[in-house]
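For the sequence shown, the residue numbers in this note's numbering are 563 to 626.
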Amino acid sequence: MSTKAETRQQSNVEEVGSGELNAWRRGFTPQAEIWNGRLAMLGLSVSLGILFVIRVSAASVPAA
Numbered sequence: 563m564s565t566k567a568e569t570r571q572q573s574n575v576e577e578v579g580s581g582e583l584n585a586w587r588r589g590f591t592p593q594a595e596i597w598n599g600r601l602a603m604l605g606l607s608v609s610l611g612i613l614f615v616i617r618v619s620a621a622s623v624p625a626a
């Protein structure tokens with residue numbers, strides 16, 4: 563098995579600090595992809611939350 567040091571030497575990927583990943587940069591950059599994914603998950607979560615609240619509130623209203 564290869565050790566952690568050998569694995570780092572074999573890969574061509576540079577390690578990036580957390581401050582660099584959270585930077586707001588324009589264009590097709592890894593940072594933009596990270597923010598795009600975060601905002602997409604936020605939008606999905608909010609949408610599902612709204613649908614859940616609407617369904618629960620509609621189910622609690624008695625039929626006329």
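Don't be surprised by glycine CBs; every beta carbon is placed ideally from N, CA and C. Only a predicted model underlies this, so the values are computations on that prediction, with no experimental measurement involved.
message = How far does the alpha helix (DSSP H) with E595 in it extend, from its first residue to its last?
response = The residue given as residue 595 occupies position 33 in the sequence shown. Segment P592 to A621, the alpha helix (DSSP H) holding E595.
query = Just the Cα atoms here: how many angstroms apart are I612 and T591?
reply = One-based indexing of the sequence shown puts residue 612 at position 50. One-based indexing of the sequence shown puts residue 591 at position 29. If you draw a straight line from the Cα of I612 to the Cα of T591, it comes to about 32 angstroms.
request  = Kindly indicate which three-state DSSP category E582 falls into: helix, strand or coil?
outcome  = Locating residue 582 in the sequence shown gives position 20, where the first residue counts as 1. Of the three classes helix, strand and coil, the one that applies to E582 here is helix, per DSSP.
ask   = In whole angstroms, what is the alpha-carbon distance linking N598 and V608?
value = Start at 1 with the first residue of the sequence shown, and residue 598 comes out as number 36. Start at 1 with the first residue of the sequence shown, and residue 608 comes out as number 46. Answer to the nearest angstrom: the Cα atoms are 15 angstroms apart.
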